[in-house]
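Everything below concerns the one structure shown next.
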Amino acid sequence: MDSCFYNEIKEILISARNKVYKTANFAMVEAYWNIGKSIIEEQGGYGKAEYGTGLLKELSKQMTQDFGKGFTVTNLKYMRRFHLMFPNGHALRDELSWTHYRLLLKVENDHAREFYMQEAVKSHWSTRQLERQINSFFYERLLSSKNKEQVAEEIQSLEPAKKPEDIIRDPYVLEFLGLSSNDDFYESDLEQALITHLQKFLLELGRGFSFVARQKRITFDGRHFRIDLVFYNYILKCFVLIDLKVGDLTHQDLGQMQMYVHYYERELMNEGDNPPIGIVLCADKSESVVKYTLPENETQIFASKYKLYLPSEEELLRELNQEYQALESCKVEEEN
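Each residue of the sequence shown is one higher than the one before, starting from 1 at the first, in the numbering used here.
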């Protein structure tokens, strides 16, 4: 088959995928801009609108009921701010997604924000590329640099460009379209098998565990995180959060779990609940590690009590090692 012919067909498909991605994203951008406009008008105009009214809470409650996730009070505030910072709807760029605009909203300097928007369009920056440029003060560095081309080109080597198939990963797009994300997409085969085994093991342990969620997504400032397993222990009366790492355990992993624990403590605890507990598991061929993360306000009584009902480090290590070895053995047999 002629390579030129194949490249022509390939380009047709890539172009079509890009068009679908751009159309879905910009439809969402326009919708959120108009929602922001309607909120401002309902609150009494640009100068009078205040976050303190109950409007956003009521709107969030009704929209979540009718349209699912994506319409928290925080997100509605972003939509309101979006209209305030980009008042000219005709100037919105269809090359940029809602995640791009969420990042641009953090840029306080009007000239810098306009610069980042134009550069993101011209250079086809992914959201990760735009985020890195903003966080590394690209605008300021470019103004003070003598070698402007080198500064401008460095992002291509630091962050990969976006791909059209990223549309199936973008939670904002999935929420807007009313689709649910494929949780297994975010896991390797090994991680998926280990998480499935841990889920079954804890439920069969008989110590008050009730399954809540798998690959539970939480969002901070437009960044998405996923907790591998979430349980509620009705004896301890607390959430138990579990993250599995295939590879070396880092201090960032522990810090991330601490963030999850604080989030549940402040946002998702019910009245009468004890503070949540986080468990980080590391599994690889050479070493298995278990780290428990307790909330800052934990008491010694609660800390002692949780040891009675949570699996011990030895139990978790044993289950991880046995399952890991079994999976590796199966893999070797399949290869032979």
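Where a beta carbon is used, it is the ideal one built from N, C-alpha and C, also for glycine. Quick caveat: nothing in here was measured; it's all calculated off a predicted structure.
Span of the alpha helix (DSSP H) around residue i
i: Ile-218; result: Ile-218 -> not in any alpha helix (DSSP H); beta strand (DSSP E) instead, spanning 209–220.
i: Asp-2; result: Where Asp-2 is concerned, there is no enclosing alpha helix (DSSP H), given that its DSSP letter is neither H nor E.
i: Phe-115; result: 110–122
i: Glu-131; result: 127–135
i: Tyr-260; result: 251–263
i: Leu-205; result: Careful: Leu-205 lies outside any alpha helix (DSSP H) and carries neither H nor E.
i: His-100; result: 98–104
C-alpha distance - residue i paired with residue j, whole-angstrom precision
i: Leu-92; j: Leu-308; result: 57 Å
i: Arg-17; j: Phe-115; result: 27 Å
i: Asp-243; j: Phe-5; result: 47 Å
i: Phe-302; j: His-83; result: 47 Å
i: Asp-94; j: Lys-22; result: 7 Å
i: Asp-183; j: Gln-252; result: Unreliable positioning characterises Asp-183 in this predicted model, as indicated by a pLDDT of 47, which lies under 50. The coordinate reading is nonetheless provided below. Approximately 23 Å between the Cα atoms of the pair.
i: Leu-268; j: Gly-278; result: 14 Å
i: Gln-118; j: His-111; result: 11 Å
i: Val-73; j: Asn-34; result: 16 Å
i: Gln-258; j: Leu-310; result: 18 Å
i: Met-1; j: Asn-7; result: 11 Å
i: Ser-123; j: Gln-129; result: 10 Å
i: Leu-241; j: Glu-314; result: 18 Å
i: Gln-192; j: Thr-299; result: 34 Å
i: Phe-26; j: Ile-218; result: 24 Å
i: Arg-318; j: Leu-202; result: 13 Å
i: Met-85; j: Lys-57; result: 22 Å
i: Ser-304; j: Leu-320; result: 24 Å
i: Asn-270; j: Leu-254; result: 24 Å
i: Arg-102; j: Glu-204; result: 43 Å
i: Ile-9; j: Trp-125; result: 25 Å
i: Lys-216; j: Ala-24; result: 24 Å
i: Phe-220; j: Ser-3; result: 45 Å
i: Ser-15; j: Arg-223; result: 28 Å
i: Pro-293; j: Gln-256; result: The question names Pro, yet the displayed sequence has Thr at residue 293. Computed Cα separation, rounded: 10 Å.
i: Leu-212; j: Ile-227; result: Checking the sequence shown, residue 212 turns out to be Val, not Leu. Roughly 11 Å separates the two Cα atoms.
i: Val-20; j: Leu-13; result: 11 Å
i: Ile-134; j: Asn-88; result: 23 Å
i: Gly-291; j: Tyr-306; result: The identity of residue 291 in the sequence shown is Lys, whereas the question assumes Gly. Rounded to the nearest angstrom, the two C-alpha atoms are 14 Å apart.
i: Ala-326; j: Leu-142; result: 53 Å
i: Ile-39; j: Asp-273; result: 35 Å
i: Asp-66; j: Lys-245; result: 36 Å
i: Glu-131; j: Gln-43; result: 31 Å
i: Ser-210; j: Ser-312; result: 18 Å
i: Arg-392; j: Phe-225; result: For the chain, the structure presents residues 1 to 336; residue 392 sits outside this window and is missing.
i: Thr-127; j: His-90; result: 22 Å
Closest by C-alpha distance to residue i, when choosing among the options
i: Val-29; options: Glu-314, Gln-199, Leu-96; result: Leu-96
i: Leu-76; options: Gly-89, Leu-84, Ser-60; result: Ser-60
i: Leu-194; options: Ile-218, Leu-229, Phe-209, Val-212; result: Leu-229
i: Phe-137; options: Val-121, Lys-122, Glu-11, Leu-104; result: Leu-104
i: Pro-275; options: Ser-15, Tyr-260, Ile-35, Val-289; result: Tyr-260
i: Tyr-232; options: Thr-299, Leu-142, Gln-199; result: Gln-199
i: Leu-55; options: Val-20, Lys-69, Gly-70, Gly-36; result: Gly-36
i: Ser-237; options: Gln-118, Asp-110, Phe-67, Gly-208; result: Sequence inspection shows Lys at residue 237; the Ser mentioned does not correspond to that position. Measuring from the Cα of Lys-237, the nearest candidate turns out to be Gly-208.
i: Arg-81; options: Lys-106, Leu-294, Glu-271; result: Lys-106
i: His-262; options: Glu-296, Tyr-139, Val-290, Tyr-234; result: Glu-296
i: Thr-250; options: Asp-273, Leu-281, Glu-265; result: Leu-281
i: Glu-140; options: Asn-109, Glu-323, Ile-39; result: Asn-109
i: Thr-196; options: Glu-323, Gly-206, Tyr-264, Leu-143; result: Glu-323
i: Glu-41; options: Leu-294, Met-79, Ile-9; result: Met-79
i: Tyr-234; options: Gly-206, Phe-220, Asp-248; result: Gly-206
i: Val-121; options: Ile-134, Arg-132, His-100, Asn-135; result: His-100
i: Tyr-381; options: Ile-12, Met-63, Glu-11; result: In this structure the chain extends from 1 to 336, so residue 381 is not present and cannot be described.
i: Glu-265; options: Val-246, Val-289, Phe-239; result: Phe-239
i: Gly-247; options: Val-289, Trp-98, Arg-132; result: Val-289
i: Gly-70; options: Gly-44, Leu-143, Trp-98, His-90; result: Trp-98
Extent of the continuous beta strand (DSSP E) to which residue i belongs
i: Tyr-232; result: 223–233
For residue i: DSSP bridge partner residues
i: Thr-293; result: Gly-278
i: Asp-243; result: Val-280
**Request:** Report the residue ranges of all alpha helix (DSSP H) runs contained in full by the stretch 11–85; include only those spanning at least 4 residues, in chain order.
**Result:** Scanning the stretch 11–85 from its first residue to its last, the whole alpha helix (DSSP H) runs of 4-plus residues come out as 55–67, 73–85.
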